[in-house]
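Enquirer:
Shown next, in the form of structure tokens:
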């Protein structure tokens, strides 16, 4: 295995791949939700126009991604205390991912500016990271609902705040299973493309 790959380089690429997949998914989630709302007509389930739904989602996204926004307030969609707590927990993960992504970008450009090759990833490690999601893929494809539940149990252990009641948190009528499945797919593809690119580099 290449001597270039110390443990910090390997960790760097894994963090960069994961954090960039989160950032790409957050950016893509807006047009993705717009399409889902139009196709599934989920705006009618919450008695709002498409533009109103997207405005409320803008407010949610801003809360989830901006570290100095401390209170979630959607104009037309109420939020229960349990849901607010879950969104607060999600916010911590998203902000952490965004900070990690920015740090990785800074390190990348520093390395490029100083013509350093320390960040070049060995192809064996690139292949290993590329194949990691393959273990999860069959489970996710076979039953996304169970995968989604398992995912929440892993990342929000000991909490049931993610179990939304449509009566108190109508946002869940808009953020459908299909929307979440598509978001996970985008994240997975972004992650895979990152390491595929490293694998193909000369």
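Residue numbers (the working numbering): 1471 to 1672. Note that beta-carbon positions come from the ideal geometry of N, C-alpha and C, so glycine has one too.
(1) Taking the C-alpha atoms as reference points, what is the distance between residue 1516 and residue 1663?
(2) Reducing DSSP to helix, strand and coil, say where residue 1476 ends up.
(3) Shorter than 8 Å from the beta carbon of residue 1582 to some beta carbon of chain C?
(4) How many Å lie between residue 1595 and residue 1550 at the Cα?
(5) Between which residues of its own chain and residue 1564 is the CB-CB distance below 8 Å, once the five residues before and five after are set aside?
(6) Please report the distance separating the alpha-carbon of residue 1575 from that of residue 1486.
(7) Smallest Cα separation from residue 1657: which of 1507, 1630, 1632, 1502?
(8) Just mark residue 1489 as buried or exposed, buried being the case when its beta carbon has 16 or more other beta carbons within 10 Å.
(9) Which residues in the same chain have their Cβ closer than 6 Å to the Cβ of residue 1681, if we skip the five residues on either side of it in sequence?
(10) What is the rounded straight-line gap between the Cα of residue 1507 and the Cα of residue 1672?
(11) Does DSSP classify residue 1484 as helix, strand or coil?
(12) Mind checking whether residue 1603 and residue 1661 have CB atoms under 8 Å apart?
(13) For residue 1626, does the three-state DSSP call read helix, strand or coil?
Expert: The structure says:
(1) 37 Å
(2) coil
(3) The structure shown contains no chain C; it is built from a single protein chain.
(4) When rounded, the distance between both Cα atoms is 44 Å.
(5) 1492, 1496, 1534, 1535
(6) 8 Å
(7) 1502
(8) buried
(9) Missing from the structure shown is residue 1681; the chain here goes from 1471 to 1672 and no further.
(10) 43 Å
(11) helix
(12) In this structure, residue 1603 sits near residue 1661, with a CB-CB distance shorter than 8 Å.
(13) coil
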